[in-house]
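First up is the structure itself, then whatever we jot down about it.
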Amino acid sequence: MSDLTVRPATHDDYEAVAAFTEGTWPDREGTDYIPRVYHDWIDAPDSETFVLDVAEDVAGICQGVHLTPHEAWAQGMRVNPDYRGQRVSPRLSKAVFEWAREQGATVCRNMVFSWNQAGLGQSRAVGFQPATEFRWAEPEPDPDAEPDLSVTDDPTAAWSCFQSSRANRLLRGLTLDLDETYAVAELTRERLARAADDERVFAVTTDEGTRAMSYRTRTATYDDETYAEYGVGAWADVESVRSLFAAIARDAAALDAVGTRVLIPESVRHVSDVARARVGFSDDPDFVLARDLTGD
């Protein structure tokens with residue numbers, strides 16, 4: 080077995096990391112995002128990127144992010160094919176867990192594509208347990224979209240709606256983080272108020288109360304095209320979700336976005352409600368797993 084050492088990654092490791100991550104999933108469309116964000120990762124606050132060093136090569140990479148006082152996020156676990164079978168994933172995961180504990184986190188989560196058999200197996204092997212699953216609803220931006228129901232930007236109403244929603248229970252309270260792309264964290268009243276200040280909150284209301292809610296997390300530009308992302312979709316019925324998606328479609332159009340994605344629970348009811356509202360959704364769900372950091 081090669082002499083492998085876990086250490087913090089540096090900018091100088093870029094070429095070695097890019098060499099084995101550019102072709103991570105050769106049988107699927109798209110490319111791995113790690114070469115694109117690598118240098119940003121090295122300089123990012125509240126995070127630590129680890130590599131497994133072997134002589135003048137890199138055997139693997141993983142990043143830990145401290146999201147909230149008690150929540151950490153693990154992402155970008157990649158193993159150099161030349162070093163498979165040498166316990167690369169467990170060594171890097173242990174380093175991330177120890178780092179997260181030092182920051183005060185009591186739980187570390189990650190997200191794995193449902194089709195990623197190797198990633199799911201690695202996650203379970205190092206102690207991650209199933210937490211929840213979600214899918215992306217994808218309403219098309221439309222400047223003429225008109226909600227049938229009243230839509231306000233009241234974060235308190237949106238919070239009350241989420242608290243009592245099926246989405247909250249199915250997602251275990253997890254929604255998209257406001258700072259870290261692709262990460263989920265527990266939604267709180269304070270985070271929703273911040274979303275109202277920094278981005279936008281949606282609360283669909285009727286005489287019976289708030290029936291649907293969402294919030295915008297960010298816009299991002301890829302290849303000179305803007306996409307809008309929304310942290311969760313929660314609703315009581317098809318009528319309210321139609322108005323919610325209409326408000327989102329109009330909001331995204333005002334941002335000149337060419338596409339959207341809204342995190343929704345992976346359940347028959349929620350996905351079929353989206354279909355009934357004539358809104359598109361992603362082909363596959365994503366899985367969220369969690370590692371309890373309070374034990375040994």
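Per the numbering used here, the sequence shown starts with residue 80, numbered consecutively. Glycine is no exception: its CB is placed at the ideal position from the N, C-alpha and C atoms.
With a cutoff of 8 Å on beta-carbon distance, Ser168 and Val137 are scored as not near each other. Secondary structure of Gly198 (DSSP, three-state): helix. Rounded to the nearest angstrom, the gap between the Cα atoms of Ala88 and Phe129 is 5 Å. Taking C-alpha positions only, Asp221 is separated from Phe281 by approximately 16 Å. Looking at the backbone, the Cα of Arg340 and that of Ala134 are separated by about 42 Å. Our two residues, Trp178 and Gly143, have alpha carbons roughly 8 Å apart in a direct line. As for any beta strand (DSSP E) of minimum length 3 sitting wholly inside the region 84 to 172, the runs are 84 to 87, 126 to 133, 136 to 147, 150 to 158, ordered along the chain.
Going by DSSP, Ser322 is part of no beta strand (DSSP E) but of the alpha helix (DSSP H) stretching over 317 to 333. In the three-state DSSP reduction, Gln208 falls in the strand class (E or B).
When DSSP states are grouped into helix, strand and coil, Leu255 belongs to the strand group. Minimum Cα-Cα distance from Thr254 among the listed residues Gly310, Trp194, Asp233, Ala246 corresponds to Gly310.
Contact between the region 156 to 171 and the region 186 to 206 is present, with at least three C-beta pairs closer than 8 Å.
Per DSSP, reduced to three states, the secondary structure at Ala246 is helical.
Counting the other CB atoms within 10 Å of its CB gives Gln201 a total of 16 or more, which places it among the buried residues.
Shortest Cα-Cα distance from Leu266 to any of Gly312, Ala224, Gly288 involves Gly312. As a beta-bridge residue in DSSP terms, Tyr294 pairs with Val280.
A residue is called buried once 16 or more other Cβ atoms fall within 10 Å of its Cβ, and Asp371, having fewer, is exposed. Within the DSSP secondary-structure output, Ser193 pairs in no beta bridge.
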